[in-house]
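A.B. asks: One structure follows; several queries about it will come next.
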Amino acid sequence: AIKNLSSLKKLSVLGHGNNGTTVYKVHHKKNQSFYALKVLRFNHNALEISHQAKLEAEILKRVDSPYIVRCHAVFDNTCCDSHEDGGDLRFVMEYMEGGSLHDVLRQHKGGLPEEVISVLAKRVLQGLNYLHGMHIVHRDIKPSNLLVNEKGEVKIADFGVSHVVEGRFDEACDSNVGTCAYMSPERVDPERWDGEYADGFAGDVWSVGMVMLECFLGYFPLMSDEGQKLDWATLMCAICFSEKVEMPEKASLEFKHFVQRCLEKDWRKRATITELLDHPFVNRKWCTSSEGLVNYLLHG
Ligand code: ATP
Ligand code: MG
Numbered sequence: 049a050i051k052n053l054s055s056l057k058k059l060s061v062l063g064h065g066n067n068g069t070t071v072y073k074v075h076h077k078k079n080q081s082f083y084a085l086k087v088l089r090f091n092h093n094a095l096e097i098s099h100q101a102k103l104e105a106e107i108l109k110r111v112d113s114p115y116i117v118r119c120h121a122v123f124d125n126t127c128c129d130s131h132e133d134g135g136d137l138r139f140v141m142e143y144m145e146g147g148s149l150h151d152v153l154r155q156h157k158g159g160l161p162e163e164v165i166s167v168l169a170k171r172v173l174q175g176l177n178y179l180h181g182m183h184i185v186h187r188d189i190k191p192s193n194l195l196v197n198e199k200g201e202v203k204i205a206d207f208g209v210s211h212v213v214e215g216r217f218d219e220a221c222d223s224n225v226g227t228c229a230y231m232s233p234e235r236v237d238p239e240r241w242d243g244e245y246a247d248g249f250a251g252d253v254w255s256v257g258m259v260m261l262e263c264f265l266g267y268f269p270l271m272s273d274e275g276q277k278l279d280w281a282t283l284m285c286a287i288c289f290s291e292k293v294e295m296p297e298k299a300s301l302e303f304k305h306f307v308q309r310c311l312e313k314d315w316r317k318r319a320t321i322t323e324l325l326d327h328p329f330v331n332r333k334w335c336t337s338s339e340g341l342v343n344y345l346l347h348g
């Protein structure tokens, strides 16, 4: 176990997040192992962020699954009034050598083969199945939050905007935090909410569809005709009101059906995780070996 932060030596910066978050690669001398250290800094007028950050810490302590990036220790330095600033929260996490799926996609501009996407999709679904079973809605499934390790395993990370659903709908998804691009219509447009039955789980399914389609194409699916990024308002309109997202012609029927079931605009009709875990696309017998997958994800 990691008892204090002084036993960790910072080696490099792995990434930066939105709200003053930095992730470092660190080394633990005694354990002879590497970890990722995520540091969330606060100032005094960011109390709300710190509430969300504490929820992230709570979630990380609770989850224990091969499909979720493991958190070995949490250090909370936010409570002391003596801090000039608001202090910080530090998470010591499993180090994912391959970086994020965002990095993988940058190396594969033409997109990934269906064999690889099938394996990725299955793991992400298994991770979400686990989280939803714990009443946790992730709410920020996107390539930069799916991390790859040296075994070629993909795991879900970053509970920075997640929510714990208590009983029924509990304002699970009404605050528009996180990246909008992968958000479902019902999260973007509150008119689509049905407070009685909505719990937010279907929003994670939408994001899976967007991410897997991006993996196939090699670029984010909702772009202008000229291949440019859409501005915020146009993007929101495309998510909520456009015709169905166009499926690439060269994709297999199974892949197209899988993605279409995720990108069903009406969340009541959208596939559930259970349905998707049974879907032929993630249950085909692929000929790719696991070494093949590792090579693909890690060595470009
Ligand atoms: P964002 O707002 O971009 O999602 P964030 O503040 O939520 O960022 P994280 O998503 O947890 O922070 O981490 C930011 C980046 O740091 C990731 O996209 C990834 O590149 C890198 N990173 C995070 N955790 C790890 C890890 N365990 N191993 C390796 N790299 C990591
Ligand atoms: Mg992130």
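Per UniProt numbering, the sequence shown starts with residue 49, numbered consecutively.
Ideal Cβ positions, reconstructed from N, Cα and C, are used throughout, including at glycine.
Between Met-144 and Lys-203, is the Cβ-Cβ spacing less than 8 Å?
C.D. replies: In contact: Met-144 and Lys-203 (Cβ atoms closer than 8 Å).
A.B. asks: Let's see if you can read the secondary structure: which residues bound the alpha helix (DSSP H) around Val-74?
C.D. replies: Taken as a continuous stretch (DSSP letters only), Val-74 belongs to no alpha helix (DSSP H), being part of the beta strand (DSSP E) at 69 to 76.
A.B. asks: For Leu-341, which residues from the same chain have a beta carbon less than 7 Å from its beta carbon, with the 5 sequence-adjacent residues on both sides left out?
C.D. replies: The answer, listed in chain order, is Val-164, Val-167, Gly-200.
A.B. asks: State the Cα-Cα distance for the pair Ser-113 and Glu-106, rounded to the nearest angstrom.
C.D. replies: Their Cα atoms are separated by approximately 15 Å.
A.B. asks: Could you tell me which uninterrupted alpha helix (DSSP H) segments, each at least 4 residues in length, are contained entirely in the segment 299 to 332, listed from first to last along the chain?
C.D. replies: Correct list: 301 to 310, 321 to 325.
A.B. asks: Can you list, in chain order, the residues of its chain whose CB lies under 8 Å from that of Trp-280, leaving out five sequence neighbours each side?
C.D. replies: So the list reads Cys-228, once near-sequence residues are dropped.
A.B. asks: Using the DSSP secondary-structure output, state which residues sit across from Glu-204 in a beta bridge.
C.D. replies: In the sequence as displayed, the identity of residue 204 is Ile instead of Glu. Answer is Ile-116, Leu-194, bridged to Ile-204.
A.B. asks: When every heavy atom of ligand 2 is checked, does at least one fall within less than 7 Å of the C-beta of Tyr-197?
C.D. replies: Looking at the sequence shown, residue 197 is not Tyr but Asn. No, since every heavy atom of ligand 2 falls outside the 7 Å radius drawn around the Cβ of Asn-197.
A.B. asks: Can we say the segment 314 to 323 touches the segment 258 to 269, given the rule of at least three CB pairs closer than 8 Å?
C.D. replies: Contact fails: fewer than three Cβ-Cβ distances are below 8 Å.
A.B. asks: If you follow the alpha helix (DSSP H) that Lys-170 is in, where does it begin and where does it stop?
C.D. replies: 162 to 181 is the extent of the alpha helix (DSSP H) around Lys-170.
A.B. asks: Taking the beta strand (DSSP E) that Arg-235 belongs to, which residues open and close that run?
C.D. replies: Element bounds for Arg-235: not the beta strand (DSSP E) but the alpha helix (DSSP H), 233 to 236.
A.B. asks: Secondary structure at Ser-60, three-state DSSP: helix, strand or coil?
C.D. replies: Strand at Ser-60.
A.B. asks: Name all residues in chain order for which at least one heavy atom of ligand 1 lies closer than 6 Å to the residue's CB.
C.D. replies: Every residue passing the under-6 Å Cβ criterion appears here: Leu-62, Gly-63, Gly-65, Asn-66, Thr-69, Val-71, Ala-84, Lys-86, Val-117, Met-141, Glu-142, Tyr-143, Met-144, Gly-147, Ser-148, Ser-192, Asn-193, Leu-195, Ala-205, Asp-206, Gly-208.
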